[in-house]
Each structure stands twice: as C-alpha cells, then as structure tokens.
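Visitor:
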Amino acid sequence: MTDPDRQHALDTAETVDATAAQAGAVPGLPPDEPHHAGETRSQWRDIWRQFRSHRGAMVALVLFVATILFVVVGPYLWTIDPTYVDIRARNSGFSAAHPLGTDQLGRDMLARLMAGGRVSIAVGLTAMIIAITLGSLIGVVSGYFRRLDAPLMRLTELFLALPLLPLLLLMVTLFREPLSQNFGPAMGTFILIVSAIGATSWMQAARIVRGDVLGLKEREFILAARSIGTPAHRMILRHVLPNVLSPIMVAATLGIATAIITESALSFLGLGFPPDFPTWGRLLYDAVDQMVMYPWRVILPGLFISLTVLCVNYIGDGLRDAMDPRIRGR
Amino acid sequence: MLTFTIRRLLLAIPTLLFISLVIFLLLEASPGDPLGDVPLTVPPEVKERMREALGLGQAWYIRYVLWLKQFFWVEPLHWFDSVFGTQFSAGMQRIISFQSRSPVFDIIAQRVPQTLTVVGFSYLVGILIALPIGILSAYKQYSWFDQLGTFVSMIGFSMPTFFTGVVLIIIFGVKLQWFPSVYDTTLQVRDWDSFWAQVRQMAMPVTVLALYNAAQISRFMRASMLDNLGQDYVRTARAKGLSERTVVLKHVLRNSLIPVITVIALGLPAVFGGAIITEQVFKVNGLGQLLITAIHGNDIPMVLTLTFIFAILIVLFTLIADILYGVLDPRIRYD
Chain B
1 MTDPDRQHAL DTAETVDATA AQAGAVPGLP PDEPHHAGET RSQWRDIWRQ FRSHRGAMVA
61 LVLFVATILF VVVGPYLWTI DPTYVDIRAR NSGFSAAHPL GTDQLGRDML ARLMAGGRVS
121 IAVGLTAMII AITLGSLIGV VSGYFRRLDA PLMRLTELFL ALPLLPLLLL MVTLFREPLS
181 QNFGPAMGTF ILIVSAIGAT SWMQAARIVR GDVLGLKERE FILAARSIGT PAHRMILRHV
241 LPNVLSPIMV AATLGIATAI ITESALSFLG LGFPPDFPTW GRLLYDAVDQ MVMYPWRVIL
301 PGLFISLTVL CVNYIGDGLR DAMDPRIRGR
Chain H
331 MLTFTIRRLL LAIPTLLFIS LVIFLLLEAS PGDPLGDVPL TVPPEVKERM REALGLGQAW
391 YIRYVLWLKQ FFWVEPLHWF DSVFGTQFSA GMQRIISFQS RSPVFDIIAQ RVPQTLTVVG
451 FSYLVGILIA LPIGILSAYK QYSWFDQLGT FVSMIGFSMP TFFTGVVLII IFGVKLQWFP
511 SVYDTTLQVR DWDSFWAQVR QMAMPVTVLA LYNAAQISRF MRASMLDNLG QDYVRTARAK
571 GLSERTVVLK HVLRNSLIPV ITVIALGLPA VFGGAIITEQ VFKVNGLGQL LITAIHGNDI
631 PMVLTLTFIF AILIVLFTLI ADILYGVLDP RIRYD
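Heads up: the protein sequence lines correspond to chains B and H, in order. Per the working numbering: the first sequence = residues 1 to 330. Per the working numbering: the second sequence = residues 331 to 665.
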C-alpha cells in the first residue's frame, strides 16, 4: 500500500470510529436489524447476495443453466439418435416428428443440437480448467518465489507474442492423425483441441494472479504465517490461493466463453471434430453450403453458440462486480 | 525514451528468434509429408531426389539457419535490388513455396492488398463507431443509451464473426440481394461503376469485422472516460467556468484517449488473425485464406513464413503501444 492510500484508509477508519462512537452515545435505540445479529454471514453468501442484484447476470445464469439442462438432460427425453440417417425424411422443415427439422441426410436437428452442445460445452469447460490450472500455477509460483519471477514472466510474454490462431490451426492439422489413431477419432480430436486451446490461453490468468500474489505477499497475515514457520506449500495452499480465488473465478468464467468460440471457429474452418461427430461449430459449418435453401440450419447452432457465450460473459461481469469488496454492499 | 526503445528493440530479437524456432520445430515434429501426394508408382530413389530438391535432405538445424538467412538477408537484399536495380542478390536462393514453386514473398505481396483493404478499413470504421459511443455512454452513465450500448457491445463480442457473417449473407446477400456474398478480388476500380461494385462487395465483410472491433474498443473508451470524469482536474476545469463541451471534449477526452490508443495498437495484429475466419466466410483471397490453403497442402515454407510475419506484427505493435504510452503520458517514465 502506498502512503497516500494508507493515509486515506486511516482517515476512513477514523471517520468510521467517530460515527460509531456517536451512534453509541444515543441511548435507547435498538440495534440495526436485530434479527440479523445471530446469523452467520459468510463471504460466499455476501457474494451471492451481490450477484443476485445484478439483473443481467441473473438472467444469464438462468439461461445458462437451462442450456446445460437442454444438452445434458435433453437426450434422455428426446431419444432419437443424432447420427441416425433417415434418408426419406431428409431436409424436412419444422414438424411434429422433427421439431427443428432434419439435415441433408435426414438426421434430426434437435438431437444433433443437443449432442453438439454437449461436446461444445465440454470442450469449453475442460479447456478452461486446463488454462486456469496452468495460469494460476504459473502466476502463483512467479508471484511467490522471487527467483522464478523473471524467467516465468519472460515465458508468459513469449506466449503472448505467439500468433495464436495460426498456431492453433497448425497444431490441429498436424497432430490430428496420430492422436486419432491412438485414442479414436472423437477422443483424439477432443484431447487435441482441449489441450491446444488450454495451452494457448493461460497467459492472462497467470498475469492477473501474479499481480495479486505480489500485493498479497506484503500483507501482515502472510508475515504472521511466515513467522510461525509455515512451509511454502502450505503457505500457498492455505493463505495465498484462497485470497486470489476471486480473480481466478472471473478469469475462468470468461475463459469458457473464449474456449467455446475458439472451438467453433476451428470447426468452422473444417479443422475441428470429424463430420459424424456433431458440435455447434461443426453443425454451422456443415449447413453453410445449403444456407440459401435452409437458413435455419445455420442460424440455430449459431444462436446457441452466441447465446451461451453471451450468458457466460454476463455471468463473468456479475461475478466481477460481486467479488469486488469495494463495490459489494453498495 | 530512446534507450528504452533501443533496449526493447534488442529484446525483440531473441523473442522473435525463439518464436520462429517454436514454429519451425512444430512443423518439423509434424507427421505430414510434403511428398504425400506423389503417386506410389514413383520409384523411391526418384522420390529421394525430389526430397533433396525441396531442400529436405539436411538436418533440421541446418535448414532452420538457412531459412533464417533467407528471411533476414536474401529477401531484403532482393527487395533492395528490385528497388534500386542493383545485383546483390543474384544467384541467391529465395524462400520457395512447395505448392506453387514460386517465391513465397511474391505470393504474399499479391495477397496483402486484399487483406489490407478489408481489414484495415474495417478497423478504421470500428474505431470511428466505437469512440463516440464510448464517450457518450460514459458521460451519461446508467442512462438508457449506456445500457443499450453495454448490451449491444456484449452481443458484439459474444457473436463469433463466422456467425454474424453468415447471417448477413443470408439477410442481405440471399433474401434482399443488396450485396454480393462472394468477394471478387479481380475487380479493378477504374470508374464510378466499378467503384460502386467495390463498395458493395466490401460492405458486408467490413461490417462484420467493424462491429466486432467496435464492441471491444467502445468498452475500453467508456471505462477510460469514467476513470477520468471523476478526477480532480475535471472539477477544476468546471469551476473555472469552462463550457461542458470544452471540459469533456478537450480535457477529459484527450486524457482518456491515452490508454485507448495503446489498446488500438495492441489489437491490430489480433485483427489480422480474426480476419482469417472472415476471409473464409466471404471468400476473400487474402493472407488468411493463403495460410489455410498452405496448412492443408503441407506447404512448410509458406506456413512458416506467414506465421512468422504474424508474430513480427504482434511484437512490433506491442512495442509501438509501449512507446506510444510513454510518449503520450508524461507520467510514465521508462528510465
């Protein structure tokens, strides 16, 4: 904390004390909201209360949960196999048998959208977990251990200077074949895409976490923990990580959005999953050839991608507001 | 400032070398074979000689250094020769594409104008849309205009460009028939008719990219304006009796533009990357389309050179952003 900041904090504390003393001097007034006195107020409940007041984020959360239910529970209710080819019913419009129509091979679009969403969201979540784990690890290590700081930050800068989309395209094209042979076409592509996206999007998280850890290290409670001889690993796990959790969570939420968009972009360029394995991006790519005749087939998967990403972005926005203690409670 | 610039320039050299090595090794580790399409009837010894003719016979580090020499020495020399009519590069091997057997830089030079017209123009349009929106929504924070702006920009960067592009094609290209959906690069602007045709075919790709860029830049502009509007000097300016117009457009705007300009500089190379997708949607045969065909065709020199050019752009514009920040903001001292 710099000197003016500290002075400001002290001033505020003084003002608060003075106000409190004044309030105490008036006798006979009941305490504010007496029924709240016994209730425990955890940090998470505060965050949730603040989050609920962000209207956009709440709508987005509901929609996002609905989308997840649609892709996870949906296939149990709508039991048509997404790869079942019914050539006589091909290119049908919206009807009772196929509520969202069929594609050029007569495969049911509703079932394909559900199956595609499963893959797209799974890719988004897994890639985000990889990126965040890598990012927080590098961020915490470089913020906590001074000797590793410079080399790790140089590495981060190097990665930031890489042309990511061309490199992703390159990685996916070059390593699709060998991985498909080892893990099967679907699983191989999944591993490849998830690790490629994860390995190229950890840098922002690492920088944010490092900055926060650097600030945290100067605080008194870290000094106290160090003075009783806490070893480095417990220091990081017990004292540092819980305190940098909020920026990590915000970065994680936004990371899901980026990962979903990147996966569908790769699929759109024809470099994603194999054709018989639907994802939202792949469905869009397959439908582009017939967009003149059947525009809905392009619009539906595109809407799902956009809506999911929009929801995730709004949730991230709400989380950022809710987790910032300077805004919380206002 | 000068020492800072020189130090950063020197630091950029190992960075770029490392990046080129990463790309080279990635290509080297790939299982793809540039001779994979040669018929099986070709005898192995002929295939071996073809391999050597492509320069694939040597060890990887020799080829890497050779490529570095070609990129940093032969190509600039060749360019110097063609400008001044000298003969320095006579007899030197330029970087040759596996696919077309012509120099990589000649093909890139053919493709650059298309990418630059579409991408450059759309970035310009995006900035011109974004700045007023950002200023207004910060000045009237939480008004309906601000809410609408926030919502639209959220949609703007949530909708991937390949989706907005396809939707625009369906609406304006197919249903309304206002704009052509395929970009015709052979079109030459000679008179008003061809100029109008050029404007019409550029309308959709430029709109798609401009919307995407405007969404991001307007957010930055708004945040930066909000930071500055609460500062003490704004109160001083108002207390002096300056008109609201002068306060906002002269005092606040100038100060808020400093971070925004660096963001604009930083975003420029990313726009080239994003254009890869938009070029694919509208069939513009620019750099992005060249990269994708080269990747599909295992054209190692082309992929290596193009990706490296993208990396140079990123490093260069990061440097420009840092220097601009120091020049524009006297509070920043790099020494």
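Backbone N, C-alpha and C fix where the C-beta goes; we use that ideal spot for every residue, glycine too. On a predicted model such as this, the values are computed, not experimentally measured, just so you know.
Just grab the DSSP bridge partners of H/Ile426 for me.
Guide: For this step, residue 426 of chain H is matched to residue 96 along the second sequence. Partner(s): H/Pro433.
Visitor: Just the chain B side, please: which residues come within less than 7 Å of H/Phe484 by C-beta, in chain order?
Guide: For this step, residue 484 of chain H is matched to residue 154 along the second sequence. Position check: residue 484 of chain H holds Met in this sequence, whereas Phe was assumed. Within chain B, the residues near H/Met484 are Leu310, Asn313, Tyr314.
Visitor: Does the beta carbon of H/Val352 come closer than 9 Å to any beta carbon on chain B?
Guide: Numbered from 1 along the second sequence, position 22 holds the residue referred to as residue 352 of chain H. Chain B contact via Cβ: present.
Visitor: Just list the residues that DSSP pairs B/Asp108 with in beta bridges.
Guide: Position 108 of the first sequence, counting from 1, holds the residue named residue 108 of chain B. B/Thr102, per the DSSP bridge assignment.
Visitor: Mind pulling the chain B residues with CB within less than 7 Å of H/Gln610?
Guide: As a position in the second sequence, residue 610 of chain H is number 280, starting the count at 1. Within chain B, the residues near H/Gln610 are Leu269.
Visitor: Alpha carbon to alpha carbon, how far is H/Pro535 from H/Lys505? Give it in angstroms, no decimals.
Guide: The residue given as residue 505 of chain H occupies position 175 in the second sequence. The residue given as residue 535 of chain H occupies position 205 in the second sequence. Looking at the two C-alpha atoms, the distance is approximately 17 Å.
Visitor: Give every residue of the same chain whose Cβ lies closer than 6 Å to the Cβ of H/Val593, excluding the five residues on either side of it in the sequence, and list them in chain order.
Guide: Translated into positions along the second sequence, residue 593 of chain H becomes position 263. Around H/Val593: Phe550.
Visitor: Check B/Leu42 in the structure and name its three-state DSSP category.
Guide: As a position in the first sequence, residue 42 of chain B is number 42, starting the count at 1. Just to set this straight, residue 42 of chain B is Ser in the shown sequence, not Leu. Looking at B/Ser42 - three-state DSSP - the assignment turns out to be coil, as it is neither helix nor strand.
Visitor: Between the alpha carbons of B/Thr308 and H/Lys377, how many angstroms are there, rounded?
Guide: Your numbering for residue 308 of chain B matches position 308 in the first sequence. Your numbering for residue 377 of chain H matches position 47 in the second sequence. One C-alpha to the other measures close to 51 Å.
Visitor: Can you list, in chain order, the residues of the segment 245-268 of chain B whose Cβ is nearer than 8 Å to any Cβ on chain H?
Guide: Listed in sequence order: Ala257, Ile261, Ser264, Ala265, Phe268.
Visitor: Between the alpha carbons of H/Leu661 and H/Gln444, how many angstroms are there, rounded?
Guide: By 1-based counting over the second sequence, the position of residue 661 of chain H is 331. By 1-based counting over the second sequence, the position of residue 444 of chain H is 114. It is worth fixing the name first, because residue 661 of chain H is Arg in this sequence and not Leu. Cα to Cα, H/Arg661 sits roughly 40 Å from H/Gln444.
Visitor: Using C-beta distances below 6 Å, list every residue in its chain close to B/Leu254, excluding the 5 sequence neighbours before and after it, in chain order.
Guide: Residue 254 of chain B sits at position 254 when you count from the first residue of the first sequence. Counting only Cβ-Cβ distances below 6 Å, and skipping sequence neighbours, we find Gly316.
Visitor: Of all the options H/Arg337, H/Val352, H/Asp629, H/Leu649, which has the alpha carbon lying nearest to the alpha carbon of B/Phe159?
Guide: Position 159 of the first sequence holds residue 159 of chain B. The shortest C-alpha separation from B/Phe159 is found at H/Val352.
Visitor: So is H/Ala533 in contact with chain B if we call contact Cβ pairs under 9 Å?
Guide: On the second sequence, residue 533 of chain H is found 203 positions in, with the first residue counted as 1. Chain B, which has no Cβ nearer than 9 Å to the Cβ of H/Ala533, makes this no.
Visitor: Within the chosen definition, does the segment 94-106 of chain B reach the segment 341-359 of chain H through at least 3 CB pairs nearer than 8 Å?
Guide: No, they do not touch.
Visitor: Taking H/Leu621 as the query, report the chain B residues whose CB atoms sit under 8 Å from its CB, ordered along the chain.
Guide: Walking along the second sequence from the start, residue 621 of chain H turns up at place 291. Per Cβ cutoff of 8 Å: Pro166, Leu169.
Visitor: How would you call B/Pro151, buried or exposed, if buried means at least 16 neighbouring beta carbons within 10 angstroms?
Guide: Position 151 of the first sequence, counting from 1, holds the residue named residue 151 of chain B. Exposed, by the Cβ-count rule.
Visitor: Say whether chain H places a C-beta atom closer than 9 Å to the C-beta of B/Ser306.
Guide: Working through the first sequence from its first residue, we reach residue 306 of chain B at position 306. So, interface residue.
Visitor: Give me the residue from H/Trp403, H/Ser548, H/Thr516, H/Thr491 with the minimum Cα distance to H/Ser467.
Guide: Numbered from its first residue, the second sequence carries residue 467 of chain H at position 137. The shortest Cα separation from H/Ser467 among H/Trp403, H/Ser548, H/Thr516, H/Thr491 belongs to H/Ser548.
Visitor: If we cut at 9 Å on Cβ distances, does H/Ile425 have a partner in chain A?
Guide: Checking the listed chains, one finds no chain A in this structure; the protein chains it contains are B and H.
Visitor: Any Cβ of chain B within less than 9 Å of the Cβ of H/Phe493?
Guide: Position 163 of the second sequence, counting from 1, holds the residue named residue 493 of chain H. True, the Cβ-Cβ gap to chain B drops below 9 Å.
Visitor: Taking the alpha carbon of B/Ile138 as the reference point, which residue from B/Leu271, B/Ile256, B/Leu241 has its own alpha carbon closest?
Guide: Residue numbering aside, residue 138 of chain B sits at position 138 when the first sequence is read from its first letter. Answer by Cα proximity: B/Leu241.
Visitor: What is the C-beta distance between H/Leu539 and H/Ile591, in whole angstroms, given that I count them as a contact (C-beta under 8 Å)?
Guide: Position 209 of the second sequence, counted from the first residue, corresponds to residue 539 of chain H. Position 261 of the second sequence, counted from the first residue, corresponds to residue 591 of chain H. H/Leu539 to H/Ile591, Cβ: 20 Å. No contact.
Visitor: Let me confirm a value: B/Tyr285 is counted as buried when at least 16 other C-beta atoms fall within 10 Å, else exposed. Which label applies?
Guide: Locating residue 285 of chain B in the first sequence gives position 285, where the first residue counts as 1. The residue is buried, with at least 16 neighbouring Cβ atoms inside 10 Å.
Visitor: Alpha carbon to alpha carbon, what distance is there between B/Arg146 and H/Leu339?
Guide: As a first step, residue 339 of chain H is located in the second sequence; it is residue number 9 there, counting from the start. As a first step, residue 146 of chain B is located in the first sequence; it is residue number 146 there, counting from the start. Each residue's alpha carbon lies about 26 Å from the other.
Visitor: Is H/Leu506 close to chain B, meaning its C-beta is less than 9 Å from at least one C-beta of that chain?
Guide: By 1-based counting over the second sequence, the position of residue 506 of chain H is 176. Output row for H/Leu506: interface = no.
Visitor: Could you tell me whether any Cβ in chain B is nearer than 9 Å to the Cβ of H/Phe640?
Guide: Looking up residue 640 of chain H in the second sequence gives position 310. Chain B contact via Cβ: present.
Visitor: Suppose the cutoff is 7 Å on Cβ atoms and the five residues either side in sequence are ignored; what does the same chain contact list for H/Val582 look like?
Guide: On the second sequence, residue 582 of chain H is found 252 positions in, with the first residue counted as 1. Excluding sequence neighbours, H/Val582 sits near Met555, Asn558, Leu559, Val564.
Visitor: If you draw a straight line from the alpha carbon of H/Ala651 to that of H/Leu596, how long is it in whole angstroms?
Guide: For the purposes of this step, residue 651 of chain H is taken as the residue at position 321 of the second sequence. For the purposes of this step, residue 596 of chain H is taken as the residue at position 266 of the second sequence. H/Ala651 and H/Leu596: Cα-Cα distance of roughly 6 Å.
Visitor: For a contact meaning CB atoms closer than 9 Å, what does B/Gly302 contact in chain H?
Guide: Position 302 of the first sequence, counted from the first residue, corresponds to residue 302 of chain B. Residues of chain H passing the Cβ test: Met489, Pro490, Phe492, Phe493, Thr494, Val496, Val497.
Visitor: Work out the CA separation of B/Val292 and B/Arg88 for me, nearest whole Å.
Guide: The residue given as residue 88 of chain B occupies position 88 in the first sequence. The residue given as residue 292 of chain B occupies position 292 in the first sequence. Whole-angstrom Cα-Cα distance: 21 Å.
Visitor: Check B/Ser264 in the structure and name its three-state DSSP category.
Guide: The count along the first sequence starts at 1 and reaches residue 264 of chain B at position 264. In the structure shown, B/Ser264 sits in a helix (DSSP, three-state: H, G or I).
Visitor: Step through the CB atoms of chain H and report whether any lies within less than 9 Å of the CB of B/Pro295.
Guide: The count along the first sequence starts at 1 and reaches residue 295 of chain B at position 295. It does: the Cβ of B/Pro295 has a partner Cβ on chain H nearer than 9 Å.
Visitor: Within 9 Å (strictly less), CB to CB, does H/Ile343 reach chain B?
Guide: Translated into positions along the second sequence, residue 343 of chain H becomes position 13. No, no contact with chain B.
Visitor: Looking at B/Met235: is its Cβ nearer than 9 Å to the Cβ of B/Ile222?
Guide: Here the question's residue 235 of chain B lines up with position 235 in the first sequence. Here the question's residue 222 of chain B lines up with position 222 in the first sequence. A contact, by the Cβ cut-off of 9 Å.
Visitor: B/Ile129 to H/Gly464, Cα distance in whole Å?
Guide: Your numbering for residue 129 of chain B matches position 129 in the first sequence. Your numbering for residue 464 of chain H matches position 134 in the second sequence. So the two alpha carbons sit approximately 33 Å from each other.
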